[in-house]
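Just below is one structure, and these are the notes that go with it.
Residue numbers (my numbering): 51 to 371.
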């Protein structure tokens, strides 16, 4: 039997003394479970949260289709001397579309030396602006979703959260309008600057009739067209979401949305008094007297009735005689 090894002090090490302790993941799991149980994932089913998910999703597509683009087109230059010809000239360009820095070498058709040709235009400002708005919109959508799910009560407290959300969403809606329109115009210029027919006119050898220049392959712009479409879709989403956030601000109260109050029916005494006054007026008109507005109607009516009875008795007696 082999004796266990001892350290310098002559004490045998314990079996697990040299093993690295494993990290305790129970606290981390407990924190994650607590956070998940506190979350209100039902808010993702209502328009306020569901539209925010769509904003987060389409923002990714908007800046990724533009920021990751890399294109290429080919042209051919056939010189009178076949040895000097180049039938496969590749011209590459990519985001952020500083085309004035992109170049290619074309044959001169006069010697073995080649001419360096640069593309024209710098459209990086509109492209970078569009991508920047997309990235910030993506980050804000993700942060807003986290607040909706885990801190919705704090979001509704004192009405500050919805008001801030409404202001930021309005700013992003305006920025999507500006950036999408600017990038649509920039993309149109990029297409013109990378058109093989336009690039061929910049080659000196192609100006001579004895040489022949033609395009071989056009650049594929479908990804950039999609980025512009996603930009305007984001504009619609952010502008439409203003209404749902506006409802959360509490500016529209129940009193504003309630129907207008109906007129209350008059009290019974008022109807009785009104009927008495109308009857008194009708009686006075039948008797041929106009009512005295300076006196009350009821005592005047009583006095007039008594006078009529006193005059009627003698007239009746004289007829009998």
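All C-beta atoms in this analysis are idealised placements derived from N, C-alpha and C, irrespective of residue type, glycine included.
Ignore the nearest five residues each way along the sequence and tell me which others in residue 155's own chain have a CB closer than 6 angstroms to its CB.
The sequence position of residue 155 within the chain shown is 105, counting from 1. Excluding residues within five positions, the ones whose Cβ falls inside 6 angstroms are 164, 166.
Quick one: grab the DSSP three-state call for residue 266.
As a first step, residue 266 is located in the chain shown; it is residue number 216 there, counting from the start. Looking at residue 266 - three-state DSSP - the assignment turns out to be strand.
Which residue's Cα is closest to the Cα of residue 294: 233, 216, 242, 184?
Within the chain shown, numbered from 1, the residue matching residue 294 stands at position 244. Checking every option, the nearest Cα to that of residue 294 belongs to 216.
What are the residues that DSSP puts in a beta bridge with residue 168?
Within the chain shown, numbered from 1, the residue matching residue 168 stands at position 118. Paired residue(s): 153.
What separation, rounded to the nearest whole angstrom, lies between the Cα atoms of residue 297 and residue 121?
Stepping through the chain shown from its first residue, residue 297 is reached at position 247. Stepping through the chain shown from its first residue, residue 121 is reached at position 71. Rounded to the nearest whole angstrom, the C-alpha separation of residue 297 and residue 121 is 45 angstroms.
Residue 102: buried (16+ other C-beta within 10 angstroms of its C-beta) or exposed?
By 1-based counting over the chain shown, the position of residue 102 is 52. It is buried - the Cβ of residue 102 has at least 16 other Cβ atoms within 10 Å.
Leaving out the 5 sequence neighbours to the left and right, which residues in its chain are closer than 8 angstroms to residue 209 when beta-carbon positions are compared?
In the chain shown, residue 209 corresponds to position 159, counting from 1. Counting only residues of its own chain and dropping the five nearest sequence neighbours on each side, residue 209 has a CB closer than 8 angstroms to the CB of 299, 300.
Boundaries (first-last residue) of the beta strand (DSSP E) holding residue 143:
Here residue 143 corresponds to residue number 93 of the chain shown, with the count starting at 1. Per DSSP, residue 143 belongs to the beta strand (DSSP E) from 136-144.
Say whether the region 136-156 touches the region 220-232, bearing in mind that this needs 3 or more beta-carbon pairs closer than 8 angstroms, one atom from each stretch.
Not touching, per the Cβ criterion.
Within 10 angstroms of its Cβ, does residue 246 collect 16 or more other Cβ (buried), or is it exposed?
Translated into the one-based positions of the chain shown, residue 246 becomes position 196. When all chains shown are included, residue 246 counts as buried.
Could you check which residue in 205, 109, 157 has the C-alpha nearest to that of residue 128?
On the chain shown, position 78 is the one that residue 128 refers to. Ranking the options by Cα distance to residue 128, first place goes to 157.
Is residue 210 helix, strand or coil when you go by DSSP?
As a first step, residue 210 must be located in the chain shown, where it is residue number 160. Reduced to three states, the DSSP call for residue 210 is helix.
Between residue 237 and residue 272, is the Cβ-Cβ spacing less than 9 angstroms?
Counted from its first residue, the chain shown places residue 237 at position 187. Counted from its first residue, the chain shown places residue 272 at position 222. Contact: no.
Please report the straight-line C-alpha distance between residue 255 and residue 261, rounded to a whole angstrom.
Start at 1 with the first residue of the chain shown, and residue 255 comes out as number 205. Start at 1 with the first residue of the chain shown, and residue 261 comes out as number 211. Approximately 7 angstroms, taken between the alpha carbons.
Top-ranked residue by Cα proximity to residue 133, from 161, 93, 108:
The residue you call residue 133 lines up with position 83 of the chain shown. Taking the Cα of residue 133 as reference, the smallest distance to any Cα among 161, 93, 108 is reached at 161.
What does the Cβ neighbour count give for residue 193, buried or exposed, with the cut at 16 atoms within 10 Å?
In the chain shown, counting from the first residue as 1, residue 193 sits at position 143. Counting of Cβ neighbours within 10 angstroms places residue 193 among the exposed residues, the total staying below 16.
Specify the secondary structure class of residue 192 as computed by DSSP and reduced to three states.
The residue labelled residue 192 in the question sits at position 142 within the chain shown. Residue state, collapsed to three classes: helix.
Expressed to the nearest angstrom, what Euclidean distance is found between the alpha-carbon atoms of residue 290 and residue 284?
Within the chain shown, the letter at position 240 stands for residue 290. Within the chain shown, the letter at position 234 stands for residue 284. Annotation: residue 290 to residue 284 spans about 10 angstroms, alpha carbon to alpha carbon.
Between which two residues does the beta strand (DSSP E) holding residue 93 run?
Translated into positions along the chain shown, residue 93 becomes position 43. Counted as a single uninterrupted DSSP element, the stretch harbouring residue 93 is not any beta strand (DSSP E), since DSSP gives it neither H nor E.
Tell whether a beta-carbon distance below 9 angstroms holds between residue 281 and residue 243.
Here residue 281 is taken as the residue at index 231 of the chain shown, counted from 1. Here residue 243 is taken as the residue at index 193 of the chain shown, counted from 1. Residue 243 is positioned such that its CB atom lies no closer than 9 angstroms to that of residue 281.
Given residue 130, which residues of its chain have a CB within under 6 angstroms of its CB, disregarding the five upstream and five downstream residues?
Along the chain shown, one-based indexing puts residue 130 at 80. The beta carbon of residue 130 is closer than 6 angstroms to those of 260 in its chain, skipping five residues each way along the sequence.
Counting only the same chain and skipping the five closest in sequence on each side, list residues whose C-beta sits under 6 angstroms from that of residue 222.
On the chain shown, position 172 is the one that residue 222 refers to. 187, 288, listed in sequence order.
Whose C-alpha, out of 266, 279, 241, 286, is nearest the C-alpha of residue 169?
For this step, residue 169 is matched to residue 119 along the chain shown. Check the Cα spacing between residue 169 and each of 266, 279, 241, 286: the tightest is with 241.
With burial defined as no fewer than 16 other Cβ atoms inside 10 Å of the residue's Cβ, what is the status of residue 190: buried or exposed?
By 1-based counting over the chain shown, the position of residue 190 is 140. Buried.
In the DSSP assignment, the alpha helix (DSSP H) including residue 133 goes from what residue to what residue?
Residue mapping note: residue 133 aligns to position 83 of the chain shown, counting from 1. Per DSSP, residue 133 is not a residue of any alpha helix (DSSP H), being assigned neither H nor E.
With burial defined as no fewer than 16 other Cβ atoms inside 10 Å of the residue's Cβ, what is the status of residue 147: buried or exposed?
For this step, residue 147 is matched to residue 97 along the chain shown. By the neighbour-count definition (other C-beta atoms within 10 Å, threshold 16), residue 147 is a buried residue.
Tell me whether residue 277 sits in a helix, a strand or coil according to DSSP, three-state version.
Residue mapping note: residue 277 aligns to position 227 of the chain shown, counting from 1. Helix.
What's the gap between the Cα of residue 115 and the Cα of residue 292?
Within the chain shown, numbered from 1, the residue matching residue 115 stands at position 65. Within the chain shown, numbered from 1, the residue matching residue 292 stands at position 242. Rounded to the nearest whole angstrom, the C-alpha separation of residue 115 and residue 292 is 26 angstroms.
Compute the minimum distance between the beta carbon of residue 296 and the heavy atoms of the ligand COA, and state whether it is under 8 angstroms.
The model on display carries no ligand, and the ligand COA is accordingly not part of it.
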